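Q: Quick note: the sequence shown uses my numbering, first residue 528, plus one each step. Note that CB positions come from ideal geometry on N, CA and C, so glycine has one too. Predicted model, so just to flag it, every value in this text is computed and none were measured.
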Amino acid sequence: MQTKSILERDIEEILLNEKCISKRIKEIAVQIAKDYENKDFIMVGVLNGAAIFYINLIMELDIPLEMNFIRVSSYGKGVRSSGNIRMVYDLEADITNKDVLIVEDIIDSGNTLYALKELFCQRGAKTVRCCCLLDKKERREVMVEADYVGFNVPDKFLVGYGLDYAGKYRNLKFVGTLKPEIYNK
Ligand code: IMP
Ligand code: MG
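1) At a cut-off of 6 Å, would you count Asp682 as near the ligand IMP, judging by its Cβ distance to the nearest heavy atom?
2) Any chance the CB of Leu699 is under 6 Å from a heavy atom of the ligand IMP?
3) Asp662 and Ile634 - do their beta-carbons sit closer together than 7 Å?
4) Could you tell me the distance, in whole angstroms, from the CA atom of Asp589 to the CA atom of Tyr696?
5) Contact defined as beta carbons within less than 8 Å: I believe Val630 pairs with Met570. What is the distance between those atoms, to the nearest angstrom?
6) Please list, in chain order, all residues of the same chain as Met614 whose beta carbon is under 7 Å from its beta carbon, the five residues on each side excluded.
7) With distances taken from CA atoms, which of Leu705, Glu668, Arg656, Cys547 is nearest Ser636?
8) What would DSSP say about Ile526, mapped onto helix, strand or coil?
9) Could you tell me if the beta carbon of Asn711 falls within a distance shorter than 6 Å of some heavy atom in the ligand FAD?
10) Do Gly703 and Ile579 have their beta-carbon atoms positioned less than 7 Å apart in this structure?
11) Along the alpha helix (DSSP H) that carries Ile585, what are the first and last residues, could you check?
12) Considering Cα atoms alone, identify which of Thr639, Asp567, Leu592, Gly576 is closest to Ala556.
13) Have a look at Lys706, Ile622, Met586, Asn679 and flag the residue whose alpha-carbon is nearest the alpha-carbon of Gly651.
14) Hey, quick one: how far does the alpha helix (DSSP H) through Phe647 stretch, first residue to last?
Set out below in structure tokens:
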């Protein structure tokens, strides 16, 4: 029988707790609602990482919006971006002339966001902006910035609130770091 929680067993440090994340999401939602009122607004969540942030964010938005998802992959089991973006699941919506807001969990090298912005512009979106929960600014490899940023975070590998390590830990209510021994398993 397992007695310890994931927190006790695998987490080294909590960087952002549930309360501070939800407070920040409410603040960002106010800004987004102002900026996208009366627009042909579509929010594109980048699966799987952005799923939890996306759901919590849209529930704070009291304006008409269209939900859609895309899934791209650049990471295998490792903890660094490879720079190669692979389309796993494409958008269903036509984004021609729409105001697109990409919702990401974290911007790291910037490769994913850069590729998505290019793709959506090519497809005829009216505007393409990005909202991310976390931003690792110092890790940028390409010139790209998010328009709405939840938190700037240090160059550490993070899990929780949608972020995974080897497919796990997405369901944690906080953002934290893993104990070093987890990577050596
Ligand atoms: P980028 O293309 O390097 O900016 O990476 C973006 C994607 O890498 C994010 O959407 C995440 O899925 C993943 N990623 C980057 N940093 C982390 C991290 O610290 N923990 C978990 N996933 C991460
Ligand atoms: Mg992601």
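A: Reading it off the structure:
1) No, the ligand IMP has no heavy atom inside 6 Å of this Cβ.
2) No, since every heavy atom of the ligand IMP falls outside the 6 Å radius drawn around the Cβ of Leu699.
3) The answer is yes: Cβ separation under 7 Å.
4) Taking the straight line from one Cα to the other gives about 30 Å.
5) The Cβ separation is near 6 Å, so the contact holds.
6) Excluding its 5 nearest sequence neighbours in each direction, Met614 has C-beta neighbours in its own chain below 7 Å: Val599, listed in chain order.
7) Comparing Cα-Cα distances from Ser636 to each of Leu705, Glu668, Arg656, Cys547, the minimum goes to Glu668.
8) Any question about residue 526 goes unanswered here, given that the chain covers just 528 to 712.
9) This structure simply doesn't include the ligand FAD; it includes the ligand IMP and the ligand MG instead.
10) Contact: no.
11) Ile585 -> alpha helix (DSSP H) spans 578-585.
12) Proximity to Ala556 across Thr639, Asp567, Leu592, Gly576 peaks at Leu592, based on C-alpha coordinates.
13) Taking only the C-alpha atoms, the option nearest Gly651 is Ile622.
14) Annotation: the continuous alpha helix (DSSP H) that includes Phe647 extends over 638-649.
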